[in-house]
Amino acid sequence: MIRKATASDVLKIKPLIDPFVKQGLMLPRSLNSLYTFLRDFWVLDGENDIIGCCALSITWEDLGEIRTLAIRQQDQGKTNGTSLVNACINEARGLGLKRLFTLTYVPSFFKRIGFSEVDKAELPHKIWADCINCPYFPDCREVALMCYL
Numbered sequence: 000m001i002r003k004a005t006a007s008d009v010l011k012i013k014p015l016i017d018p019f020v021k022q023g024l025m026l027p028r029s030l031n032s033l034y035t036f037l038r039d040f041w042v043l044d045g046e047n048d049i050i051g052c053c054a055l056s057i058t059w060e061d062l063g064e065i066r067t068l069a070i071r072q073q074d075q076g077k078t079n080g081t082s083l084v085n086a087c088i089n090e091a092r093g094l095g096l097k098r099l100f101t102l103t104y105v106p107s108f109f110k111r112i113g114f115s116e117v118d119k120a121e122l123p124h125k126i127w128a129d130c131i132n133c134p135y136f137p138d139c140r141e142v143a144l145m146c147y148l
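Numbering (numbering that gives the first Met the number 0) for the sequence shown: 0 to 148.
If you want it as structure tokens, here you go:
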């Protein structure tokens, strides 16, 4: 079942994200950050645990970002990631957003579900709000992709 995250989910989301951080596939998220942005998150419940998460962050008037998509290793390749991203897309439509972007090391996944590669220069709000403080800026290896709703 996909649902909005609750405060009690944060201590389950963090260990879901951490292996991807260690692999260099995702930027770290502190517990403080997860609690602060909890309302952005959707989670996918498994039988006894959360098996995936994804967040929708509002960036500007008509622009949102898909962030922190993580699926437990043994549950990948089963449309779980697509289902979580679709939950974010549906929420974005409900909020009146026209475009969604993501920065990812796995562009092929997002291309399969309708995102297209764009130049990072098309994302000035993201660059100056978040990227400027990233340890990888300006040598970011993530690929920027956009989906038009």
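Beta carbons: idealized from backbone N, C-alpha and C, even for Gly.
By the criterion of a C-beta distance shorter than 7 Å, I112 is surrounded in its chain by T81 and V84, once the five residues flanking it on both sides are discounted. When beta bridges are read from the DSSP output, F100 appears opposite E64 and M145.
When DSSP states are grouped into helix, strand and coil, I16 belongs to the helix group. The C-beta distance from L37 to G63 rounds to 16 Å, too long to meet the 8 Å contact threshold. The three-state secondary structure of V42, taken from DSSP, is strand.
At a Cβ-Cβ threshold of 7 Å, L24 and N79 do not count as neighbours. The DSSP assignment places no complete run of the beta strand (DSSP E) inside the region 71-100 (cut-off: 3 residues). Between the alpha carbons of L10 and I16 lies a distance of about 11 Å. Each residue's CA atom was taken as its position, placing K119 and R140 some 11 Å apart. Boundaries of the alpha helix (DSSP H) harbouring S107: P106 to R111, taken from the DSSP string.
Here L30 is exposed, its C-beta having fewer than 16 other C-beta atoms within 10 Å.
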